[in-house]
Each structure stands twice: as structure tokens, then as C-alpha cells.
Amino acid sequence: AAQLADVETLIEGVTIHLTDRESERITEDYINVLKPPAPFLPLQSGLYSIYRDSNSTRLQSMLDNVVQIGRRKFFFPIGAYGFNKGLVVKNEKVQFVGVSNDIVNRHGSQLVYYGSGGFFTFGNKISPSQYGDNLYSGIQGTSFINIMLDHHGGDTLLNNESATAGNKYKAGSKAIVDYGGGNLTLESTTIQHFEYGVYLVQSDFNTWLNPTFLYN
Numbered sequence: 007a008a009q010l011a012d013v014e015t016l017i018e019g020v021t022i023h024l025t026d027r028e029s030e031r032i033t034e035d036y037i038n039v040l041k042p043p044a045p046f047l048p049l050q051s052g053l054y055s056i057y058r059d060s061n062s063t064r065l066q067s068m069l070d071n072v073v074q075i076g077r078r079k080f081f082f083p084i085g086a087y088g089f090n091k092g093l094v095v096k097n098e099k100v101q102f103v104g105v106s107n108d109i110v111n112r113h114g115s116q117l118v119y120y121g122s123g124g125f126f127t128f129g130n131k132i133s134p135s136q137y138g139d140n141l142y143s144g145i146q147g148t149s150f151i152n153i154m155l156d157h158h159g160g161d162t163l164l165n166n167e168s169a170t171a172g173n174k175y176k177a178g179s180k181a182i183v184d185y186g187g188g189n190l191t192l193e194s195t196t197i198q199h200f201e202y203g204v205y206l207v208q209s210d211f212n213t214w215l216n217p218t219f220l221y222n
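The working numbering numbers the first residue of the sequence shown as 7 and each following residue consecutively.
Following this line, the structure appears as C-alpha cells:
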């Protein structure tokens, strides 16, 4: 019992350290999703079903009003946030920033999707040019930093993986969708259990710094 208490204290200390270290980056130009400005309602941390619909609605409302809020950076403190519905990024230079993930110990900021189709979509779907050149109608400067995007409802085994629940992906799901040739930054971000981790159409200007893709 004493050893278990020591371990729990150590884990708590590590969590506090990570949160404090990351919070140093979070200035007044960030929206803390747990403490958003009025009149917006906070997200709920935890994977309980009662949170998933409200989290989707609340975050979409904030995303739709970044110009009015005057902030485009969303900070997700350590925790798991469940979502039933896909989210649409309609404005440029939106950033999603969390606390660094430890994939083994499950510490960090996790955004968990329970829906179908795209989780985060930005840009408008466009048809290829008849002349073969690129047409762009994308959203510029979308970033995911220190975030884990996970799909909770894997239902299809990967061909090269063992038949375990942990190695499944959700058929038809996409973690991030860019239809219009915007530019995407992934920095220390993990994407797992989606059929398509990143689904890009005519997208040429992307920066990926230490991304991790698992079971996609």
C-alpha cells in the first residue's frame, strides 16, 4: 500500500510538472477550453457519454467565433475530451495546443472521437481544374501541437496487425480533413484508430514535426 501511494504521488507530481511547464506557454491570446471567455461554456474532461454531445457543440461554437473572441489558439489541459460530432474549422490560423503526450502512460491532452466521417475538417471541397493546375480554397495555418487524436470505436482490423482491440480502426473515419489545399502543421501530435489519419486534397504546404500515426 505504501509503495502504491508513493507511485501515485510520483505520477501526480509528473502531471503537475507537465501542466505547469505547458501553462508557461499559455498566454492571454489562448482560449483555455475549461475556462473560456463568456458567454461560451467550458468543455467537460472525461469520456462519459453525457459530455460528448455538449463538448462538440461547445467547441464548435468557440471555433465559429474566434474572430469575435479575438483569439485563435485553443489550449486543452491534461485530460481526455470526448466528441460525438465532427468539428469544422472555418477561420485561418487556428491552433489546438495540449500538454505533451506520453503514449505509454496515457498522460497528456487527448481528443477522442466517437462519430463517423471527419473529426476536424477545414477548407471547402473543390473540383480539380480542367487545366491540371492547383486550385486552393483552403484554410491557412491550422496547427495541432502536443495533441492526441483518437477514435474510440475501432471496428476494422489492420491487415498487418494482430487481432486485438487495440489495433483496430474505425472504417470511414478521418482524423483531419483538408479538402481545399490549406496548410496543416502537426507538431508532436499522435493520431490513432482512424481509417485515414490525415486526408488531404490538393494540399501542398504542410509541416509535420514529430507526428505519430498508429493503427490508421
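Note that beta-carbon positions come from the ideal geometry of N, C-alpha and C, so glycine has one too.
1. If you draw a straight line from the C-alpha of Asn-152 to the C-alpha of Phe-82, how long is it?
2. Look at the alpha carbon of Gln-50 and the alpha carbon of Val-118, and state the distance between them as a whole number of angstroms.
3. Give the secondary structure of Gln-208 by DSSP, where H, G and I count as helix, E and B as strand, and everything else as coil.
4. In this structure, does DSSP put Thr-196 in helix, strand or coil?
5. Which residues share a DSSP beta bridge with His-158?
6. DSSP three-state label for Asp-184, please.
7. Whose C-beta lies closer than 6 Å to the C-beta of Arg-77 among residues of the same chain, with five residues either side of it excluded?
8. Can you have a look at Pro-42 and say buried or exposed, based on whether 16 or more other CB atoms are within 10 angstroms of its CB?
9. If you run the structure through DSSP and keep just helix, strand and coil, what is Gln-101?
10. Short of 6 Å in beta carbon distance, which residues of its chain neighbour Ile-182, apart from the five on each side in sequence? Order them along the chain.
11. May I ask you to report which of helix, strand or coil DSSP gives Gln-146?
12. Thinking just about the alpha-carbon of each residue, which of Lys-99, Leu-190 and Leu-47 is nearest to the one in Asn-72?
13. Beta-carbon separation of Ser-67 and Phe-46 under 8 Å?
14. To the nearest whole angstrom, what separates the beta carbons of Phe-102 and Gly-188, a pair I think is in contact under 8 Å?
15. Could you have a look at Ile-37 and say whether DSSP puts it in helix, strand or coil?
16. To the nearest angstrom, how far is the alpha carbon of Ile-75 from that of Ala-177?
17. Taking DSSP's pairing of strands, which residues face Gly-88 in a bridge?
18. By the three-class DSSP mapping on this structure, what secondary structure does Ser-51 have?
19. Who are the Cβ neighbours of Ala-86 in its own chain at under 6 Å, not counting the five residues just before and after it?
20. Taking DSSP as the reference, what is the three-state secondary structure of Leu-179?
Per the coordinate set shown:
1. 9 Å
2. 12 Å
3. coil
4. strand
5. Paired residue(s): none; His-158 is not in a bridge.
6. strand
7. Asp-35 and Ile-37
8. buried
9. strand
10. Phe-126 and Val-204
11. coil
12. The question names Asn, yet the displayed sequence has Val at residue 72. It is Lys-99 whose Cα lies nearest to the Cα of Val-72.
13. yes
14. That belief does not hold up - the Cβ atoms of Phe-102 and Gly-188 are roughly 15 Å apart, past 8 Å.
15. strand
16. 36 Å
17. Val-118
18. coil
19. Leu-53, Gln-116 and Val-118
20. Sequence inspection shows Ser at residue 179; the Leu mentioned does not correspond to that position. Ser-179: strand per DSSP, three-state reduction.
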